[in-house]
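> Protein chains in written order, with our numbering: chain A, 1 to 302; chain B, 303 to 539; chain C, 540 to 933.
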Amino acid sequence: MSMKYITPAETFKKYLPKDYVELVDYGPFGKSQEEAGPGNMGQFKELLEEHPMCSGCWMAYFIRVIFAALPNPEETVTLGTAGCGRLAISQAAVPFIYGNYGDQNAMASGLTRAFRLRFPEKHKDVITIAGDGGTMDIGFSMTMHSWIRGEKFTTIMLDNEVYGNTGGQESGMSPQGAVLKMAPEGKKFGKMPATDLAKAAGCVYIVRLSPTNIKKAAQIIRRAIFVAREVGPTFIHAYTSCNIEYSIPTEEVFKDAKEKEKGRFSFDEYMTDAAREVIERVEAEEKAARKARKEAMKAGAM
Amino acid sequence: MSQKVTVGPAGYMPKSAPSMGVELAPEGQALLYGNCVSEEEAMRDAARAMLTRDNPTIFPGPQVLWDWKEDVAQKAEAILELASEIPNCKIIPMPDYRPKYPKIDVKAEINPNHPNLTILDNKIKACIFVGVHCHYANLSLRMIRGGTDCYTIALCAYMGHEEAMASIRDLHAEDIRKLRDIVIEEREKLGIKWTAKMPPQNPSLPKEEFETLNAADYGEFRSLLMPRRGEQVAEVE
Amino acid sequence: MSPNTRPKLEKRLVDAKYLLQEAPREKHFITGAQAMAEAVKRASVDMAIAYPITPQSEVMHLVGDIYAQGHIKEYYRAEEELGTMSAIAGASRAGVRLFTATSGPGLLRGLEAIAAWPGHRVPAVLGVLTRVVNAPLSIQPDNVEMAYLMHCGAVMLHAENQQDTFDMTLAAFAIAEKVDVYIPVAVATEGFFVTHAKGYVDMTAEDLALEEFDPVAAPVPAMDNETPPARIQRDAPVQKSNFMSYLIHAVWQQEIWDSNSRAMKYIYEYLGGPIEVVNPDADVFVIASGCAAAQGREAQRYAEEEGLSVGLIKVRAIRPFPTKEICDATKNAKAIIVPEHNAIGWLCKEVKAAIPNGGIVTEGPRVFGGMTLPVELIMVEIYDALGIEHNIKL
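1) Where does C/GLY738 sit, in a helix, a strand or coil, going by DSSP?
2) Whose C-alpha, out of A/VAL21, A/ASP137, A/LYS258, A/PHE189, is nearest the C-alpha of A/GLY93?
3) Exposed or buried, what is A/ASN243 when buried is set at 16 or more other beta-carbons lying within 10 Å of its beta-carbon?
4) For A/ILE89 and A/THR78, which I take to be in contact (beta-carbon distance under 8 Å), what is that distance rounded to the nearest angstrom?
5) Give me the Cα-Cα distance between C/ARG855 and C/VAL825, rounded to the nearest whole angstrom.
6) If you measure between the beta carbons of C/LEU621 and C/GLU651, is that distance less than 8 Å?
7) State yes or no: is the beta carbon of B/LEU382 nearer than 8 Å to at least one beta carbon in chain C?
8) Let's see if you can read the secondary structure: which residues bound the alpha helix (DSSP H) around A/GLY110?
9) Between C/GLU843 and the rest of its own chain, which residues show a CB-CB distance below 8 Å, the 5 nearest in sequence each way excluded?
10) Just tell me which of A/ALA299, A/ARG293, A/LYS122, A/ALA301 has its CA closest to the CA of A/GLN33.
11) Looking at the unbroken alpha helix (DSSP H) that takes in B/GLN376, where does it start and where does it end?
12) Give the residues of chain C in contact with A/TYR246, contact being defined as C-beta atoms less than 9 Å apart.
13) Within the continuous beta strand (DSSP E) that includes B/GLN331, where are the two ends?
14) Could you list which residues in chain A have their beta carbon closer than 9 Å to that of B/GLN331, in chain order?
15) Does any residue of chain B bring its CB to less than 8 Å from the CB of C/ALA882?
16) Can the beta-carbon of C/ILE917 be found less than 8 Å from the beta-carbon of C/ALA838?
17) Using a Cβ-Cβ cut-off of less than 8 Å, list which residues of the segment 70-85 of chain A approach chain C; keep chain order.
18) Taking only beta-carbon positions, decide if A/TYR15 is within less than 8 Å of chain C.
19) Can you list, in chain order, the residues of the segment 790-802 of chain C whose Cβ is nearer than 8 Å to any Cβ on chain B?
20) Since C/ASN700 contacts C/HIS880 with CB under 8 Å, what's their CB separation in whole angstroms?
21) Looking at the unbroken beta strand (DSSP E) that takes in A/ASN72, where does it start and where does it end?
22) In angstroms, rounded to a whole number, what distance separates the CA positions of A/LYS13 and B/ASP483?
23) By the DSSP assignment, the beta strand (DSSP E) with A/GLY190 in it spans what residues?
24) Counting Cβ pairs closer than 8 Å, one from the segment 215-235 of chain A and one from the segment 65-79 of chain A, do we hit at least three?
25) I need the boundaries of the beta strand (DSSP E) containing B/CYS338, first residue and last residue.
26) Within 10 angstroms of its Cβ, does B/GLN503 collect 16 or more other Cβ (buried), or is it exposed?
27) In its own chain, which residues sit with a C-beta less than 7 Å from the C-beta of B/ALA349, not counting the 5 before and 5 after it?
28) Counting only Cβ pairs nearer than 8 Å, list the residues of chain C close to A/ILE6.
29) Against chain B, with Cβ distances strictly below 8 Å, would A/ALA9 count as a contact?
30) Taking one C-beta from the segment 107-121 of chain A and one from the segment 184-193 of chain A each time, how about it: are there three or more such pairs within less than 8 Å?
31) When DSSP labels each residue in this structure, what does C/ALA874 get in the three-state scheme?
32) Which residue or residues does DSSP assign as beta-bridge partners of C/THR743?
33) Is the shortest distance between the beta-carbon of A/MET1 and the beta-carbons of chain B less than 8 Å?
34) Cα-Cα, which of C/LEU665, C/GLU684, C/LEU668, C/VAL667 is closest to C/ALA674?
35) Within 8 Å (strictly less), CB to CB, does A/ALA299 reach chain B?
36) Do the CB positions of A/MET59 and C/GLU618 come within less than 8 Å of each other?
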């Protein structure tokens, strides 16, 4: 683990702003999920604390979960594109690459391969986090081809079923009939079958979810990252409603997410045998580590 | 020799130093006001600026703030020694390069996307950039020359910076110590009494206490506050 | 095969100065595409990304062969040019040496990404093997695409022949990676006329290669979780509507073009300067770049044989444009002729803008759409400029 780049030079520590010292001392770098994972969100120093998202934004919440769930934040790079998500992702304490429109999966292909040739002994986790427009419309070809090539990184689609950041236009992931900008008479066709496309294109671990359960969402994010390290492309299709464009009252955002979970965002997890093997192995290791820590604590307490 | 690059403010949209014909100094030399001079000459002028201008400040960047390479500890040590010899010198770091959201704490840090804010708020009239990646140093130095009357000094591990009033290239810890010695010499020449003293610690703003906040604390943004459920907002702009 | 199990070739790593100017060379008779690939072979390239388009394809086929032989660590065929150029931008954040090449319509397809490379500080090398931009459809040589690239911020070199292609490609890596430059360098040459034709090339030995890429010596931090700061975002999201956002974008753009102009000293160092002047005391100058310079060279030779006062200025660097050099070289010129392989005459426009007396510049001759540039076409302009009667029929 290369923590050196986030360790202050000893003599300068007292000259750093508190923010950074706290991040180093209490941040999730080099810590376990029990210490600094989503279970402790709101109590522990988070990678993403301040962001400019709208009040009640379900996407902002899910992005926080993503960062809290990272298995190795100190060895992670995120990539994104135009859209609301980028406004929050770019505020997290993990390197973030913003390129051009919808090019996140092409950039991630280059980045992942370059990491693997420079650091053959290390896992550097690469995650693209983009909206439905960036992933399935403008970035469609680059998304699909990165999967078809079997590029080993994780793709997360924040699906709010609309171009939120540009002012509420129809996207390929908007539901049929939705009246949106550029769809003045309602959308004429249905949602693109993102998870089916992912399966056909060779993703080895695919989940569709409405992230109403933090622990489950975090587990899925971690699974997708672990599998991408060893097996191949992984894809998470998450419902992250736009309460502005779809006029969801702030206090009903969670209720809406629950409803969608019963409908077009019903939970669906797919994995290949190779992916299952990795998940079972890693989760068994994690469990053993948890047990060992507990026992060590008990021994320490005695 | 005419001075090609001088203390600002150079104006609304000044030409960049390279486009005014300033070229980086060759190895073994330094830049002073855009002209090639010996390293010592540049250091002497820089030292006098740090000694005689208001609120001298050192801006250490990520390359010396974070303990990532073997030479960092040495350089960091030397920078502190230098700071301690400059009367009332402050250290305000540039820990990273992202624009600050929602608002920069100008007493606690400087940022390459809006460095002028820190310079203007603290009334800094002479500063040293050290350990900042060249791209961001160039952006900062240009904005500072454009919008402030701060004398800028660049201590660069590579080729230096055209935009700075004084630019030292190929910097090692011993070059920082050389500058420190020159600072002491010049200080004595100027008859300034000073015993070496470490600069004050980072004065980061205390964390906001959300429990005790009231609407007035939000200043011009208070009209954007969302009322709690059941709460009645009587007065809005 | 994973990158770490690929064949590792024994090479002697040397600096660019030695490799380009001092290392012993041997004469080969090869195509321009081969010359470019041979330069890549000697450049310790980490990763190359390919996508086919005629006439470029030949270059990336050969680069693929070089990869298979172990000279390059990673190589793949991308989905299309925007994917290629974006992947180059992504890989560059990891701190590796990169190469790709394209032609005409491919360049335009990738241009959204390429135009962002300088601002993202991507020191990649881009081969541009020139070709017609549609419509109507054609695959023939014509360098109009260079006009689009000229305003993107990249350094641009234009090779006259196979030898130039080799030298400029090799120098491009050294120039791109200088800490005070660190923007992409494009090496252009004419498709087919150079890429598919053979010429003599003096080349260094195969086991001599450029020093490895140094991810630390850079004006921006590599985003590799090894280089501070911890929360890197190299490209500031400055879409806010306030003066600070405008200002950072403005100085950022200045920095790109300053970096571009800083490349000039390295063009002198490695390539002998941005222009080559033949017969500096001439009254009439042919100013040309790329293949047109080869024809201009012939025209100058014809003219000299006839005792006419004609010189040649070959422009090697299109960006940074050698304004001062051209002004100096033409200060006593009475007429300037700018032959080009494109319809719009981008070089002519640059020359006119560079010199104080643009009225002495003749627009053309220009050929395009794949047409060759007969020397006689240039001779006609020379005779006209000197007021000599002729009966050249083309």
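The beta-carbon is built from N, C-alpha and C at its ideal position, and this holds for glycine as well. Everything numeric in this text was worked out from a predicted model, so none of it was measured.
Short version:
1) C/GLY738 falls in the strand class under three-state DSSP.
2) Strictly speaking, residue 93 of chain A in this sequence is Ala, with Gly absent from that position. Among A/VAL21, A/ASP137, A/LYS258, A/PHE189, the Cα nearest to that of A/ALA93 is on A/VAL21.
3) buried
4) 6 Å
5) 14 Å
6) yes
7) At a cut-off of 8 Å between C-beta atoms, B/LEU382 does not count as an interface residue with respect to chain C.
8) 104-118
9) ASN818, VAL849
10) A/ARG293
11) Annotation for B/GLN376: the continuous alpha helix (DSSP H) segment containing it runs 374-387.
12) Going along chain C, no residue has its Cβ under 9 Å from A/TYR246, so there is no contact; the nearest lies around 24 Å.
13) 331-334
14) None at all; the shortest Cβ gap to chain A is about 29 Å.
15) no
16) yes
17) GLU74, GLU75, THR76, VAL77, LEU79
18) no
19) VAL790, TRP791, GLN793, GLU794, TRP796, ASP797, SER800, ARG801
20) Rounded, the Cβ-Cβ distance is 14 Å, inconsistent with contact.
21) It is not in any beta strand (DSSP E) - A/ASN72 carries neither H nor E in the DSSP assignment.
22) Distance from the CA of A/LYS13 to the CA of B/ASP483, rounded to the nearest whole angstrom, comes to 25 Å.
23) No beta strand (DSSP E) contains A/GLY190, which DSSP labels as neither H nor E.
24) Contact check between the segment 215-235 of chain A and the segment 65-79 of chain A: three or more CB pairs, one atom from each, fall below 8 Å, which counts as touching.
25) 337-340
26) B/GLN503 comes out exposed.
27) LEU481, ILE484, VAL485, GLU488
28) PRO767, ALA769
29) True, the Cβ-Cβ gap to chain B drops below 8 Å.
30) As far as the Cβ criterion goes, the segment 107-121 of chain A does not touch the segment 184-193 of chain A, which means the pair count is below three.
31) In this structure, C/ALA874 counts as strand in the three-state DSSP scheme.
32) C/ARG564
33) At A/MET1, the pLDDT of 46 sits below 50, so the modelled position is not reliable and the matter cannot be decided from this model.
34) The shortest C-alpha separation from C/ALA674 is found at C/GLU684.
35) no
36) Going by beta carbons, A/MET59 and C/GLU618 fall outside the 8 Å limit.
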